[in-house]
Amino acid sequence: MSEIVAPILDIQNLSMVFGGLRAIDHVSLHIKSGEICALIGPNGAGKTTIFNCVTGVYKPTEGSIAIQHGEHPKEEIQGLKPNTINLKGLARTFQNIRLFSNMSVLENVMIGRHNSLKASIFNAILRDRATKEEEQRVIDESHDILKKMKLEMFINETARNLPYGAQRRLEIARALATDPFLLLLDEPVAGMNPNETKELEETINIIRDKEKVTILLIEHDMSLVMNVSERIYVLDYGRLIAEGTPMEIKANPEVIKAYLGE
Amino acid sequence: MNRKNQKSELIASLVSTIWFVILLFPFLVMKVNVTGGKAVVIFRWSYLPVIAISIFVLSFLWRRALEWNQHRGDKTPVRTPLSGIRDFIITALRRKPIKLGVMALLLLIVLAYPYVLGMYHTNIMITALIYVMLALGLNIVVGLGGLLNLGYAAFFAVGAYTYGLLWKYAGPAFISAGIDTGWLFWIALPSAGVIAVIFGILLSLPVLRLRGDYLAIITLAFGEMFRMVLQNSGPVTGGATGISLIPRPWLFGIRLPPRQAATYIYYIAIILVIFTIFVVRRIEDSRVGRALEAMREDEVACEAMGVDLVRNKMATFALGAFWAGIAGVLLAAQTTYINPDSFTLWESIMVLMAIVIGGTGSIPGAIGGALILKLLPEYFRPLAQYRMLIYGIAMIIIIIFKPDGLIPRNRKRYTFVEKSASDSVPGVQK
Ligand SMILES: Nc1ncnc2c1ncn2[C@@H]1O[C@H](COP(=O)(O)OP(=O)(O)OP(=O)(O)O)[C@@H](O)[C@H]1O
Ligand SMILES: [Mg+2]
Chain C
1 MSEIVAPILD IQNLSMVFGG LRAIDHVSLH IKSGEICALI GPNGAGKTTI
51 FNCVTGVYKP TEGSIAIQHG EHPKEEIQGL KPNTINLKGL ARTFQNIRLF
101 SNMSVLENVM IGRHNSLKAS IFNAILRDRA TKEEEQRVID ESHDILKKMK
151 LEMFINETAR NLPYGAQRRL EIARALATDP FLLLLDEPVA GMNPNETKEL
201 EETINIIRDK EKVTILLIEH DMSLVMNVSE RIYVLDYGRL IAEGTPMEIK
251 ANPEVIKAYL GE
Chain S
1 MNRKNQKSEL IASLVSTIWF VILLFPFLVM KVNVTGGKAV VIFRWSYLPV
51 IAISIFVLSF LWRRALEWNQ HRGDKTPVRT PLSGIRDFII TALRRKPIKL
101 GVMALLLLIV LAYPYVLGMY HTNIMITALI YVMLALGLNI VVGLGGLLNL
151 GYAAFFAVGA YTYGLLWKYA GPAFISAGID TGWLFWIALP SAGVIAVIFG
201 ILLSLPVLRL RGDYLAIITL AFGEMFRMVL QNSGPVTGGA TGISLIPRPW
251 LFGIRLPPRQ AATYIYYIAI ILVIFTIFVV RRIEDSRVGR ALEAMREDEV
301 ACEAMGVDLV RNKMATFALG AFWAGIAGVL LAAQTTYINP DSFTLWESIM
351 VLMAIVIGGT GSIPGAIGGA LILKLLPEYF RPLAQYRMLI YGIAMIIIII
401 FKPDGLIPRN RKRYTFVEKS ASDSVPGVQK
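Chains C and S, in that order, give the protein sequences.
Under our numbering, think of the first position of the first sequence as 1, with each following residue one higher.
Under our numbering, think of the first position of the second sequence as 1, with each following residue one higher.
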């Protein structure tokens, strides 16, 4: 891959202040199209806060977040509403699983496809031909996504009854259903056993290779991070302390210090 | 639930109670008596502890119910004889001939009802059907959208007053032009729906960011304020005396004696209820309905999946208000007399209770709940003075033992038949 590819996500000088706490302190980072990039750092470093700023949950105190995808011109997205940002092609999962727990697995994914459908309230009431076809299409597409995530056996199961690992995968399935070009995964293997982790590692690679989705992931599981990611950013106390390949990061004294303490 | 949790819930309930008491103070404790041209404010202090205690208990129960809800799925369902019967009925109803047979029987009962039971029972049934419509409407807001609206009676009032005011101001013109005033009903019906929708959207705007208790408090205040406005705009709305002699609906120019009038209002009510069920079911099982449910489940995740919460909330309030507006017109037509007292907070709470008892989010539940809550008291008149107590106890028992309600929602199941490895032919069954 050439080096002159414009980044699909470009964060410049991002800061987020909560009261007196500077959770993110002038962070600049970028994600290139097609890569798997990891964001690591000790607890409370500000990783999730960066995700929340990028996806519109928080309005950053300062700095800019820009996206540039395909033919579209580069545009700044900081401060936009989460649904608008999702519509532009950014999807995420949550560290503390946030599924629609009383809805079925299939319906969870169908919500992800909400914006690929057009039916209004009136279409819903009249249930015309086009609406029925559209509804059938979303069922099929959601089913396909569930198959890819190896969740098809749970289709009619209520989301909250799923085993933990399956819930995490369902979150990814739901995010993929929104047709993103960039997927932000917040601790996707937290709470999973080694087998499930291994399986998810494969899934992450498949998503990138087959679905052509760029991935930014936050993770504490170092073996996963070192295995899947091509580039790693390290955050500590809201500040970026290192960036590089897994090999470089492993050898970086600053990173070792941050993780092991003084 | 652990102890710490319980403590924080108690505190939260206490805070709600204080809020509600402050808010309700001018409505329930203070009473203005106008005697001989002088207004005297009476403080009914004895009401205060009653209000405070009941709100505290309700608020705490509500929190408990939410907690129960959270852990509802943790237990595997216990098979009881009752659930066996339920499953049997559900599977039987899946079969086409049985389903059609049951529907035909039901239709026959519904059609024959006024002839078999007479006017007294027909009138009671009309009132119950009006409540069914209200419950189905509020079920969209609370059951699907998860927005606790305690000002629902205001939309009911909007509907009734649309008809009432139309009669008051356009009635004379109709009479002098020699047009049957019964036509007004048919004009009022769609207008009330539209006007209620506008009110619903207007109310949704200031409460877009609110949830739970705060939403309940603000909508409650809105409902009571609306009633106060009706009461105090005497020249326009007739004030506390309201509007009377509202005409009964036109029906092919037939002038009917009251007895038969009840019968045909009953049929209109039945048609409207069937229409409501039809529409509400379709909305529930659609892109729009799913988005409402997702919003109830988790607003943050819902928004992150690209759903516009602002539009969603406006749609929720508008949809709920629409049915209340229609029901209001029906009420005005049935009673031929409306005044602000028919639209108190108590009405909103009754409708809310109906859907909680029936099963939030469940259409059959809302219908069943409304029928039970409206019909039972009519037939147990001797117990009328204990009504509140019985309702309260019933609610507590249901929330504790059957948190999903009497007829919980039956989720749609999707079946997929694998045709070949690459493509599948999905079918859908209810
Ligand atoms: N909404 C908020 N209000 C106030 N402080 C917040 C808020 N969100 C995050 N913080 C604070 O910002 C800091 C960074 O939190 P963040 O959740 O981003 O950490 P993290 O790197 O994701 O940690 P973890 O690995 O534990 O998930 C923490 O000190 C946290 O307490
Ligand atoms: Mg985090």
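Note that the Cβ used here is the ideal one computed from N, Cα and C, for glycine as well.
Just so you know, these numbers come straight off a predicted model, no measurement behind them.
Under the 7 Å criterion on CB atoms, C/Glu-75 is classed as non-interfacial with respect to chain S. Taking C/Pro-82 as reference, the option from S/Met-305, S/Met-30 and S/Ile-372 with the minimal CA-CA separation is S/Met-305.
For S/Asn-33, the enclosing beta strand (DSSP E) stretches over residues 30 to 35. Rounded to the nearest whole angstrom, the C-alpha separation of S/Gly-193 and S/Gly-200 is 10 Å.
The region 287 to 317 of chain S is shown to contain whole alpha helix (DSSP H) runs of 4 or more residues at 287 to 297 and 299 to 304, in chain order. The count of Cβ pairs closer than 8 Å, one atom from the region 269 to 285 of chain S and one from the region 124 to 133 of chain C, reaches three, so the stretches are in contact. Not one heavy atom of ligand 2 lies closer than 6 Å to the C-beta of C/Thr-55.
In chain order, Tyr-233 place their CB closer than 6 Å to the CB of C/Glu-243, counting only its own chain and leaving out the 5 sequence neighbours on each side.
Checking the DSSP bridge columns, you'll see C/Tyr-233 partnered with C/Leu-39 and C/Glu-243. The closest CA to that of S/Met-350, considering only S/Pro-249, S/Ala-394, S/Tyr-266 and S/Val-29, is found on S/Ala-394.
In this structure, C/His-30 lies away from C/Pro-60, with their beta-carbon atoms at least 7 Å apart. Here the alpha carbons of S/Ala-240 and C/Leu-146 stand approximately 59 Å from one another.
Bridge pairing for C/Glu-76: C/Ala-66 [DSSP]. Annotation note: the region 181 to 223 of chain S contains the following uninterrupted alpha helix (DSSP H) runs of length 4 or greater, listed N- to C-terminal: 183 to 204. For a Cβ distance threshold of 7 Å, residue set Arg-290 of chain S lies close to C/Met-110, ordered along the chain.
Considering only beta carbons, the part of the region 120 to 139 of chain C lying closer than 9 Å to chain S consists of Ser-120, Ile-121, Asn-123, Ala-124, Ile-125, Leu-126, Arg-127, Thr-131, Glu-134, Glu-135, Gln-136, Val-138 and Ile-139, in chain order. By the criterion of a C-beta distance shorter than 6 Å, S/Tyr-163 is surrounded in its chain by Ala-188, Val-329 and Ala-332, once the five residues flanking it on both sides are discounted. Residues of chain C with a Cβ closer than 7 Å to the Cβ of S/Ile-393 do not exist; the shortest Cβ-Cβ separation is about 27 Å.
A contact is defined here as three or more CB-CB pairs under 8 Å, and the region 124 to 144 of chain S meets this definition with respect to the region 365 to 377 of chain S. Collapsing the DSSP output to three states places S/Asn-410 in coil. Here the C-alpha atom of C/Ser-104 lies approximately 21 Å from the C-alpha atom of S/Ser-83. As a beta-bridge residue in DSSP terms, S/Ala-39 pairs with S/Val-34.
Residue burial annotation: S/Gln-334 is buried, with at least 16 other C-beta atoms found within 10 angstroms of its C-beta. The bridge partners DSSP lists for C/Met-16 are C/Ile-24.
Contiguous beta strand (DSSP E) elements confined to the region 158 to 243 of chain C occur at 182 to 186, 214 to 218 and 231 to 236, taking only those with 3 or more residues. Burial is judged here by how many other beta carbons sit within 10 angstroms of a residue's own beta carbon; S/Gln-385 has fewer than 16 and is exposed. Under the 7 Å criterion on CB atoms, C/Met-103 is classed as interfacial with respect to chain S. Contact annotation: in the region 78 to 102 of chain C, residues whose CB is within less than 8 Å of a CB in chain S are Lys-81, Pro-82, Asn-83, Asn-86, Leu-87, Ala-91, Arg-92, Phe-94, Arg-98, Leu-99, Phe-100, Ser-101 and Asn-102. When C-alpha distances from C/Ala-38 are compared across C/His-220, C/Ile-97, C/Arg-113 and C/Leu-99, the shortest belongs to C/His-220. In this chain, the beta strand (DSSP E) harbouring C/Arg-92 covers 90 to 92.
A Cβ closer than 6 Å to some heavy atom of ligand 1 marks a residue here, and those residues are C/Phe-18, C/Leu-21, C/Ala-23, C/Gly-41, C/Asn-43, C/Gly-44, C/Ala-45, C/Gly-46, C/Lys-47, C/Thr-48, C/Thr-49 and C/Gln-95.
Bridge pairing for S/Ile-396: absent [DSSP]. Looking at the DSSP output, S/Ser-13 bridges to nothing. For S/Arg-64, none of the residues of chain C pass the 9 Å Cβ criterion, the least Cβ distance being about 18 Å. For C/Asn-43, the closest C-alpha among the options C/Glu-187, C/Glu-248, C/Ile-36 and C/Leu-99 is that of C/Glu-187. Under the three-state reduction of DSSP output, C/Ile-8 falls in the coil class, being neither helix nor strand.
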